[in-house]
Amino acid sequence: MLKREIFRYETTSSWFSTHLKGYEIPFKWHHHQEYELTLTLNSEGKRYIGNHTSNFSSPDLVFIAPNQPHSWKSLRMDSVCEIFVILIPQTWINRQLLSGMEEYRVVNQLFLRASPAIKFSKRCAKQSESLFRKIVASNSPLTRLSLLILLFELLTGDKGVEYISDRHPLLPYQNQRVEKILNYLDNNFTTVVTLKHVADHAHCSVSAVKRDLATFAGLSFSDYISQLRINKASFLLRTSSLSLSAIASQCGFQSINYFHRQFKKIVNDTPVKYRKNNSI
Numbered sequence: 000m001l002k003r004e005i006f007r008y009e010t011t012s013s014w015f016s017t018h019l020k021g022y023e024i025p026f027k028w029h030h031h032q033e034y035e036l037t038l039t040l041n042s043e044g045k046r047y048i049g050n051h052t053s054n055f056s057s058p059d060l061v062f063i064a065p066n067q068p069h070s071w072k073s074l075r076m077d078s079v080c081e082i083f084v085i086l087i088p089q090t091w092i093n094r095q096l097l098s099g100m101e102e103y104r105v106v107n108q109l110f111l112r113a114s115p116a117i118k119f120s121k122r123c124a125k126q127s128e129s130l131f132r133k134i135v136a137s138n139s140p141l142t143r144l145s146l147l148i149l150l151f152e153l154l155t156g157d158k159g160v161e162y163i164s165d166r167h168p169l170l171p172y173q174n175q176r177v178e179k180i181l182n183y184l185d186n187n188f189t190t191v192v193t194l195k196h197v198a199d200h201a202h203c204s205v206s207a208v209k210r211d212l213a214t215f216a217g218l219s220f221s222d223y224i225s226q227l228r229i230n231k232a233s234f235l236l237r238t239s240s241l242s243l244s245a246i247a248s249q250c251g252f253q254s255i256n257y258f259h260r261q262f263k264k265i266v267n268d269t270p271v272k273y274r275k276n277n278s279i
């Protein structure tokens with residue numbers, strides 16, 4: 000279910016920050032009234048914002064506009080992943096400008112362009128890590144604010160930003176249905192999954208499932224399943240010594256030949272070459 004989150008701020012701060020740790024990021028479809036700046040480390044999987052979905056890998060730095068439904072869904076990692084989150088009220092930047100702080104106008108452009116979100120370059124994400132760590136470690140409101148300003152200076156100078164598009168916003172009932180569809184697929188893609196299974200779980204028609212996946216992910220049902228399976232296969236190729244047939248079976252492929260064809264199609268490389276070039 001789409002959940003609205005409400006945050007309480009300390010009396011000494013006009014914005015919120017936190018640092019989370021875990022071995023995986025569960026799918027948690029939610030939204031809130033604040034802008035969100037999130038840095039994800041040592042994790043990979045799927046990122047969902049509005050009706051946009053894409054793969055993410057560490058380090059992942061994203062700035063999300065208010066009231067945009069979003070979630071991450073990661074693969075389970077062998078080591079702890081970290082998530083740094085900064086939440087900024089919608090009125091925050093306006094207050095700075097109204098107070099006469101003209102220096103914030105360049106930052107305001109960042110806020111205006113986050114509709115629904117901005118993805119920053121890997122280089123920028125790596126450089127931001129030390130600032131995030133200092134922000135969550137500091138107990139001084141002034142130190143935290145100065146570090147936030149330095150972080151904004153870094154973000155506004157990034158030349159490798161990607162603007163995430165959301166041309167067809169989902170309606171409320173679609174949000175709830177999409178959450179059910181994605182949750183079911185994320186939990187069952189390694190088994191034999193049919194459109195009817197998904198439709199029955201989401202209490203909708205087969206055509207609605209196909210339409211929602213096309214709108215949300217830009218993929219057909221079969222292509223979306225293949226993408227999930229190949230994501231897991233890529234992870235196992237990099238991090239394990241399992242045989243190709245074992246990986247294919249664990250990821251839901253009924254045939255080793257079909258696994259090879261799908262991997263080549265999506266990754267543009269063979270599993271053997273991919274493992275050789277990307278093993279950890």
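First residue of the sequence shown? That's 0 in numbering that gives the first Met the number 0, and the numbers climb one at a time after it.
Glycine residues also receive a C-beta, built at the ideal position from the N, C-alpha and C atoms.
Quick caveat, the model's predicted, so the values are computed rather than measured.
Inset, instruction - Have a look at residue 122 and residue 204 and give me their C-alpha separation to the nearest angstrom. - result: 44 Å
Inset, instruction - Measure from the alpha carbon of residue 329 to the alpha carbon of each residue in 22, 51, 46 and 146, then state which is nearest. - result: No answer is possible for residue 329: it lies beyond the span of the chain, which begins at 0 and ends at 279.
Legend entry - Beta-bridge partners of residue 71, as assigned by DSSP: 46
Legend entry - Sufficient close CB pairs (3 or more, under 8 Å) joining the region 68-81 to the region 10-28: yes
Inset, instruction - Grab the span of the beta strand (DSSP E) containing residue 235 for me, first residue to last. - result: Taken as a continuous stretch (DSSP letters only), residue 235 belongs to no beta strand (DSSP E), being part of the alpha helix (DSSP H) at 220-238.
Legend entry - Which listed residue (277, 183 and 148) has its alpha carbon closest to that of residue 105: 148
Inset, instruction - Compare the beta carbon distance of residue 133 and residue 144 with 8 Å and say whether it is the shorter of the two. - result: no
Inset, instruction - Using alpha carbons as the reference points, say which of 40, 211, 255 and 34 lies closest to residue 179. - result: 211
Inset, instruction - Out of 270, 40, 196 and 30, state which residue places its alpha-carbon closest to the alpha-carbon of residue 245. - result: 270
Legend entry - Check: residue 145 C-beta below 7 Å from any heavy atom of the ligand SAH: Within the structure as shown, the ligand SAH is missing, as the structure has no ligands at all.
Inset, instruction - Assess, as a yes-or-no matter, whether the region 244-259 is touched by the region 178-193 under the definition of 3 or more beta carbon pairs within less than 8 Å. - result: yes
Inset, instruction - Would you decide whether residue 202 is buried or exposed? Buried here means 16 or more other CB atoms lie within 10 Å of its CB. - result: exposed
Legend entry - Buried or exposed by the 16-neighbour rule on C-beta atoms within 10 Å, applied to residue 152: exposed
Legend entry - Close-in-space but distant-in-sequence residues of the same chain around residue 111 (CB under 8 Å, 5 per side omitted): none
Legend entry - Rounded C-alpha distance that separates residue 268 from residue 259: 9 Å
Inset, instruction - Identify every residue that forms a DSSP beta bridge with residue 24. - result: DSSP, once it has assigned bridges, lists no residue as partnering residue 24.
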